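**Student:** Below is one structure. I have some questions about it.
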Amino acid sequence: MTPHGLIISNASINPYEPPRSDPAVENPLAIGDALLTFERLEFQTELTRRDIRDGIARTNIRTDLVSMRTLASIVIFFCFYIGFLSLVASPNSTVALLLSIPIVITAALLVVRYRALCRAVNLNAHRCGPIHGYIDHDMMMIVHADQTRWMKMEHLVSVGRSRNTLTLCFDATQMQFDVLPLRAFADRNRAVMLAQRLSELRPPCPIQVIDPRRQVLADDVAVCSPAEDAAFFAGGIYADDIQDTVLGRKWRRGLLRFTLLFGLFAVTLIVAWFYFAGFTWFGIVVGLVLLFVLSKPARSVIKARRATLSNAEPLLMSSGWFDAAGQFSMATTGQSKANWSLFEATEVTGNMILLKIKGSDMYHLVSRGQCRDEAAWEAACEFVRKFGPPASP
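Note that the sequence shown covers residues 0 to 392 in numbering that gives the first Met the number 0.
In structure tokens form, the structure reads like this:
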């Protein structure tokens with residue numbers, strides 16, 4: 000979900016589910032005197048994929064991505080580890096085994112990091128292009144070619160910064176980020192001060208499977224006005240609404256694919272370890288440690304499946320309308336006005352409207368249950384058919 004609360008991704012469910020007690024999610028950002036001294040800062044630039052990649056990787060805003068510094072520490076540790084053990088290991092086969100451990104672990108971490116980073120960049124690539132807007136102590140407004148968004152600073156989840164980039168996340172699922180290169184600001188020094196202050200107030204934090212703030216309907220005043228014939232919607236979207244859609248099918252395939260790959264990796268790792276180490280006391284102790292380490296992502300996948308496929312609570316609550324110009328949507332953390340040109344494909348089922356963002360695996364969703372009555376639902380579907388992009392193949 001993005002800051003305006005109407006986007007869901009078909010990316011694989013993240014297996015690292017943090018506890019629901021994350022203070023960055025449950026407690027609005029108390030700005031106080033920390034930002035009141037900052038006047039409005041305006042920005043304007045051409046955002047590129049390189050900017051987004053740097054804004055995610057170099058700021059370390061995603062705590063689930065292994066940082067290059069961590070990788071370097073692992074390699075150095077294993078170098079000392081091999082050097083020490085090779086002194087006491089006489090058989091060549093044992094030395095070869097010891098040498099293979101850091102190579103395999105480092106390669107695996109590099110592959111996992113590369114895939115996760117590419118997925119994160121692809122989920123944000125549709126925001127590339129000319130952007131402009133402002134940040135003050137109340138709001139961040141950002142204007143893209145096909146969309147304008149307003150996010151409340153009090154609901155900022157985390158901030159990452161590097162020498163040249165400021166990255167803000169208003170989404171506890173951390174699928175979407177607002178990357179602002181410091182070159183976009185006319186006053187770079189003030190932008191650096193703002194980045195430092197915000198990163199202290201909202202440092203990077205663990206990922207949530209679902210943002211609990213989006214499960215409450217926003218009661219803010221809309222920043223835009225609807226057309227006279229607009230089709231309105233308000234309410235929740237539940238797991239059952241998505242099951243028979245292209246997004247629901249991709250979710251199930253992604254979860255099954257991750258489960259099979261993780262199971263194969265875990266079984267191979269355990270069998271290989273006991274094959275080389277044997278059922279010695281050392282081998283058994285390390286094997287139990289491996290089982291404990293592998294059990295955490297396994298438990299998290301089960302929790303993620305329950306959270307995203309259960310109808311006990313809505314996946315998100317949103318409100319807004321469709322009209323000839325596009326779609327306006329509002330959630331607790333912000334608002335968005337999207338032109339029809341933002342989307343590249345649609346799917347209209349008996350219970351759901353899905354609008355696929357061009358160049359991304361992200362969707363805007365509206366369910367039948369969010370419409371006041373049958374007439375409102377039919378009007379919403381008619382706007383999508385008339386002004387929206389072609390239906391998905």
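Glycine included, every Cβ here is placed at the ideal spot set by N, Cα and C. In this text, all values refer to a predicted model and were calculated from it rather than measured experimentally.
Can you tell me whether Leu315 is buried or exposed, with buried defined as 16 or more other CB within 10 angstroms of its CB?
**Tutor:** buried
**Student:** Who are the Cβ neighbours of Ile241 in its own chain at under 8 Å, not counting the five residues just before and after it?
**Tutor:** Closer than 8 Å at the Cβ level, and outside the excluded window around Ile241, lie Ile7, Gly247, Trp250, Leu314, Met351 and Leu364.
**Student:** What are the boundary residues of the alpha helix (DSSP H) that includes Cys168?
**Tutor:** Element bounds for Cys168: not the alpha helix (DSSP H) but the beta strand (DSSP E), Thr164 to Cys168.
**Student:** DSSP state of Asn59, grouped into three classes?
**Tutor:** coil
**Student:** Look up Pro211 in the DSSP assignment and say whether it is helix, strand or coil.
**Tutor:** helix
**Student:** Report the residue from Pro211, Ile130, Pro180 and His143 whose alpha carbon sits nearest the alpha carbon of Arg169.
**Tutor:** At residue 169 the sequence reads Phe, which differs from the Arg that was named. Looking at the Cα atoms, Pro211 is the closest of the given residues.
**Student:** Can you list, in chain order, the residues of its chain with a C-beta nearer than 6 Å to that of Gly358? Leave out the 5 residues immediately preceding and following it.
**Tutor:** Ala124 and His125
**Student:** Determine the closest residue to Pro180 out of Ala171, Met174 and Leu167, with distance taken between C-alpha atoms.
**Tutor:** Leu167
**Student:** Tell me whether the beta-carbon of Gly132 lies closer than 8 Å to the beta-carbon of Phe42.
**Tutor:** Phe42 sits close to Gly132, with the two beta carbons spaced by under 8 Å.
**Student:** Where does Val156 land, buried or exposed, given buried means 16+ other C-beta within 10 angstroms?
**Tutor:** buried
**Student:** Alpha carbon to alpha carbon, how far is Ala330 from Arg39? Give it in angstroms, no decimals.
**Tutor:** 24 Å
**Student:** Going straight from the alpha carbon of Ser20 to that of Glu377, what length do you get?
**Tutor:** Any reading at Ser20 must be qualified, since the residue scores a pLDDT of 46, below 50, and its modelled position is unreliable; the value itself is stated next. Whole-angstrom Cα-Cα distance: 40 Å.
**Student:** So if DSSP puts Arg148 in a beta bridge, which residue, or which two residues, is it bridged to?
**Tutor:** Ile141 and Ser335
**Student:** Report the three-state DSSP secondary structure of His154 (helix, strand or coil).
**Tutor:** helix
**Student:** With H, G and I counted as helix, E and B as strand and the rest as coil, what does DSSP make of Ser20?
**Tutor:** Because the pLDDT at Ser20 is just 46, under 50, the model does not fix this residue reliably, and the value given afterwards should be weighed accordingly. If DSSP states are grouped into helix, strand and coil, Ser20 belongs with coil.
**Student:** Alpha carbon to alpha carbon, what distance is there between Ala379 and Ala390?
**Tutor:** 15 Å
**Student:** Let's test the definition: count the other Cβ atoms within 10 Å of the Cβ of Gln195 and tell me whether it reaches 16, buried, or not, exposed.
**Tutor:** exposed
**Student:** Smallest Cα separation from Trp320: which of Cys370, Gly333 and Leu290?
**Tutor:** Cys370
**Student:** Would you mind giving the Cβ-Cβ distance between Asn338 and Gln146, rounded to the nearest angstrom? I have them listed as a contact below 8 Å.
**Tutor:** 7 Å
**Student:** Suppose contacts are defined by Cβ-Cβ distances below 8 Å. Is Arg401 in contact with Val120 by that definition?
**Tutor:** An answer regarding residue 401 cannot be provided, because it is not within the stretch 0 to 392 covered by the chain.
**Student:** From what residue to what residue does the alpha helix (DSSP H) around Leu197 run?
**Tutor:** Arg187 to Leu200
**Student:** As a quick exercise: from Arg367, Leu200 and Arg48, pick the residue whose alpha carbon is nearest that of Phe176.
**Tutor:** Arg48
**Student:** Report the option in Ala217, Gly235, Glu312 and Leu268 whose CA atom is closest to the CA atom of Phe291.
**Tutor:** Leu268
**Student:** Beta-carbon separation of Pro203 and Ile55 under 8 Å?
**Tutor:** no
**Student:** Quick check on DSSP: helix, strand or coil for Thr348?
**Tutor:** coil
**Student:** Within a Cβ cutoff of 8 Å, which residues of the same chain sit near Asp322, ignoring the five residues on either side of it in sequence?
**Tutor:** Pro225, Ala226, Asp228, Ala229, Ala230 and Phe382
**Student:** DSSP puts Lys355 in a beta bridge; with which residues?
**Tutor:** Per DSSP, the beta bridge partners of Lys355 are Ala344 and Tyr362.
**Student:** Between which two residues does the alpha helix (DSSP H) carrying Ala230 extend?
**Tutor:** Counting along the chain, Ala230 falls outside any alpha helix (DSSP H), though it belongs to the beta strand (DSSP E) covering Ala230 to Ile236.
**Student:** Considering only the beta carbon of each residue, do Ser328 and Ser317 sit closer than 8 Å?
**Tutor:** yes
**Student:** I'd like to know whether the C-beta atoms of Asp243 and Thr348 end up nearer to each other than 8 Å.
**Tutor:** A distance below 8 Å separates the beta carbons of Asp243 and Thr348.
**Student:** Looking at Val178: is its Cβ nearer than 8 Å to the Cβ of Asp50?
**Tutor:** Taking 8 Å as the Cβ cut-off, Val178 and Asp50 qualify as a contacting pair.
**Student:** Our contact map puts Gly333 next to Leu354 with C-beta atoms below 8 Å; I'd like the distance itself, whole angstroms only.
**Tutor:** Not confirmed; about 18 Å, so no contact.
**Student:** Going by C-alpha to C-alpha distance, which of Leu46, Leu255 and His154 sits closest to Ile130?
**Tutor:** Leu46
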